[in-house]
Structures are given as C-alpha cells and as structure tokens.
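Asker: Sequential numbering of the sequence shown, starting at 1, is according to full-length UniProt numbering. Don't be surprised by glycine CBs; every beta carbon is placed ideally from N, CA and C. A single structure is presented below for examination.
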Amino acid sequence: MNHNISPTGDDLRDSGQTIVTANDAVEANAGKIIRATLLRFIEKGQQFSADEVREELEANDLVARAMFKRPNLLPAIIGAASRKGLIEPIGIVKPTRPSRHSNRNLIWRATAQGQAAA
Numbered sequence: 001m002n003h004n005i006s007p008t009g010d011d012l013r014d015s016g017q018t019i020v021t022a023n024d025a026v027e028a029n030a031g032k033i034i035r036a037t038l039l040r041f042i043e044k045g046q047q048f049s050a051d052e053v054r055e056e057l058e059a060n061d062l063v064a065r066a067m068f069k070r071p072n073l074l075p076a077i078i079g080a081a082s083r084k085g086l087i088e089p090i091g092i093v094k095p096t097r098p099s100r101h102s103n104r105n106l107i108w109r110a111t112a113q114g115q116a117a118a
C-alpha cells in the first residue's frame, strides 16, 4: 500500500506563492513596493480588493513591469498577508479588469493583528 500523500491544492498554491514572492528581487524589489502599498491599506482599516491595490500601483513603472512578467505577484503577496493573519476575506466583488473574465475577486479587511502590525 502506498502511503505517499500528494500535496493538496492549498499546499501547491502556498508553495507557488512562496516561490513568486521569494523571486521578486528580479524586478529590483517591486515586491517591497507592493507590500508597502498593501500595508497602507491595512493601516487605513478599510475594506479593499486586489483591484484597488493594483490601481494604487498603476503609476509605478517598476511594479507594472514586474506584474507584467509575474502576473501572480500581487495575488501571492496578498495571499501571504492572509496566511500571516494580517488580513481576512470578508466578501466577493466582481473584478473591474476585463482580463479577470468576471472571476471572483475577494474583498479584504485588516485583522486586529494586521492593524497592530501596521
């Protein structure tokens, strides 16, 4: 009997997000800029979506290039913040970007832990 357990979808997602965020230095630390922007949303204590974070970052050419090369960079950083307990999902909103093809987009808010860390 084979007792090897294959990784779950969550394990594979988490592993992929870790790889993406660990390699953000390729774009001169664009991840630091994204995390700082996300932290500002956490500090405000208001709900937000990934589209709102993305809009805040639009004017930054460095980040735009990084997210073009690595489209999962922002979702990976948001996912990491969620796993760290800094933010939590509270709902779903229809995305504003056509490239999302009307897939769900989570609405996030800071947790008490996230606001304390901000």
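Using three-state DSSP, classify G79 as helix, strand or coil.
Answerer: Within the sequence shown, residue 79 is the residue found at index 79, counting from 1. G79: helix per DSSP, three-state reduction.
Asker: On the three-pair Cβ rule with 8 Å, is the stretch 57-73 touching the stretch 100-117?
Answerer: The stretch 57-73 is not in contact with the stretch 100-117.
Asker: Using a threshold of 9 Å, state whether the C-beta atoms of L73 and A30 are closer than that.
Answerer: Residue numbering aside, residue 73 sits at position 73 when the sequence shown is read from its first letter. Residue numbering aside, residue 30 sits at position 30 when the sequence shown is read from its first letter. Cβ atoms of L73 and A30: closer than 9 Å.
Asker: For P95, which option in I42, R70, V53, G16 has the closest C-alpha, if you only look at C-alpha atoms?
Answerer: Start at 1 with the first residue of the sequence shown, and residue 95 comes out as number 95. Among I42, R70, V53, G16, the Cα nearest to that of P95 is on V53.
Asker: Taking all protein chains shown into account, do 16 or more other C-beta atoms lie within 10 angstroms of the C-beta of T8, making it buried, or fewer, making it exposed?
Answerer: Translated into positions along the sequence shown, residue 8 becomes position 8. Exposed, since its Cβ has fewer than 16 Cβ neighbours within 10 Å.
Asker: Can you list, in chain order, the residues of its chain whose CB lies under 7 Å from that of G91, leaving out five sequence neighbours each side?
Answerer: Sequence index remark: in the sequence shown, residue 91 carries index 91 (1-based). The residues are I107.
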